[in-house]
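Novice:
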Amino acid sequence: AQRVTQPEKLLSVFKGAPVELKCNYSYSGSPELFWYVQYSRQRLQLLLRHISRESIKGFTADLNKGETSFHLKKPFAQEEDSAMYYCALKVPPGGSYIPTFGRGTSLIVHP
Amino acid sequence: GAGVSQSPSNKVTEKGKDVELRCDPISGHTALYWYRQSLGQGLEFLIYFQGNSAPDKSGLPSDRFSAERTGGSVSTLTIQRTQQEDSAVYLCASTSGRGGNSPLHFGNGTRLTVT
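From first to last, the protein sequence lines stand for chains A and B. Just so you know, my numbering puts 107 at position 91 of the first sequence, and the rest follows in order with no gaps. Just so you know, my numbering puts 36 at position 28 of the second sequence, and the rest follows in order with no gaps.
#1: To the nearest angstrom, report how far apart B:Ala62 and A:Ala33 are at their CA atoms.
#2: Can at least three beta-carbon pairs, one atom from the segment 62-71 of chain A and one from the segment 17-29 of chain A, be found at a separation below 8 Å?
#3: Quick one: does the C-beta of B:Gly11 sit closer than 7 Å to a heavy atom of the ligand SAM?
#4: For my contact list, A:Ala104 and A:Lys89 are in at a C-beta cut-off of 8 Å; report their separation, rounded to the angstrom.
#5: Report the partner residues of A:Gln61 according to the DSSP bridge assignment.
#6: Quick one: Cα of A:Gln94 to Cα of A:Lys31, how far?
#7: Count the other CB atoms, across all protein chains shown, that sit within 10 Å of the CB of B:Gln49; report buried if there are 16 or more and exposed otherwise.
#8: Out of B:Val122, B:Asp32, B:Gly115, B:Ser70, which one is the CA nearest neighbour of A:Arg59?
#9: Nearest to B:Leu89 by alpha carbon, out of B:Ser70, B:Ser110, B:Gly79, B:Ser15?
#10: Report yes if the C-beta distance between B:Ile87 and B:Val27 is below 8 Å; otherwise report no.
#11: Can you find the residues in the same chain that come closer than 7 Å, C-beta to C-beta, to B:Ser102, ignoring five residues on each side of it along the sequence?
#12: Establish whether the CB of B:Gly80 and some CB of chain A are separated by less than 8 Å.
#13: Which residues in chain E have a C-beta closer than 9 Å to the C-beta of A:Arg69? List them in chain order.
#14: In the DSSP assignment, what residue or residues form a beta bridge with A:Cys103?
#15: CA-CA distance, B:Lys23 and A:Gly82?
#16: Going by the beta-carbon positions, is the gap between B:Leu51 and A:Tyr102 smaller than 8 Å?
#17: Alpha carbon to alpha carbon, what distance is there between B:Ala75 and B:Asp94?
#18: Does the distance from the C-beta atom of A:Thr121 to that of A:Leu37 stay below 8 Å?
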């Protein structure tokens with residue numbers, strides 16, 4: 017079965033510092049990967065997906081099949097980035113349509 | 009248009025009572041998911057509905073948990089004889105189609121507290 021690991025429960029940085037939220041997955045094929053974010057008192061929402069190769073709010077994530085990782089990065093963290101971040105994996109058609117989520121990483125950006 | 013709507017937003021119940029949680033997905037979304045969000049546990053999959061197919065119940069933690077989806081739209085998650093360990097935020101999400109790139113649209117959740 018597929019699995020998503022986010023090794024850090026909490027990541028604390030100062031404003032302007034680089035940030036990297038780690039995500040590793042276990043799946044032998046080519047997965048589809050997502051990052052979801054939950055800001056305080058807001059619903060969980062999509063941040064970005066690997067297939068789009070996009071940068072959202074300054075965040076990027078690159079799929080590394082060799083390391084089975086999909087780490088989320090931002091070069092200069094902002095206070096408004098403070099939130100809970102979840103990495104999610106969905107296998108292509110033919111497998112499960114049920115996204116598997118990691119346990120989440122709480123990012124706190126100090127002023 | 010309107011997003012995924014869940015009710016109630018908060019529910020406090022006594023141990024042993026039954027509860028019903030409701031989810032209104034985005035109109036036209038054929039897939040509906042229930043997840044449970046607990047501190048330190050992340051999002052735990054409970055059940056998945058896709059169109060008129062039989063639901064995938066593989067994530068339900070015990071037979072006290074059940075869910076229905078009527079008319080391919082509204083879904084109700086029922087927890088019978090609630091226990092304190094059932095306390096969590098219950099999230100509903102919907103998505104269009106089965107495509108791998110279809111992101112999930114979440115509701116605000118129902119915070120369940122079992123006393």
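C-beta atoms are modelled at their ideal positions from N, C-alpha and C, and glycine is treated no differently. Just so you know, these numbers come straight off a predicted model, no measurement behind them.
Specialist: In short, the structure shows the following:
#1: 48 Å
#2: no
#3: Although the ligand SAM was asked about, the structure shown includes no ligands whatsoever.
#4: Contact flag wrong, Cβ pair sits at about 17 Å.
#5: A:Val53
#6: 5 Å
#7: exposed
#8: B:Gly115
#9: A small correction: the amino acid at residue 89 of chain B is Arg; Leu does not occupy that position in the sequence shown. For B:Arg89, the nearest C-alpha among the options comes from B:Ser70.
#10: yes
#11: Val12, Pro33, Ile34, His37, Ala39, Leu40, His113
#12: no
#13: Absence of chain E from the displayed structure is noted, the protein chains being A and B.
#14: A:Trp51
#15: 48 Å
#16: yes
#17: 15 Å
#18: yes
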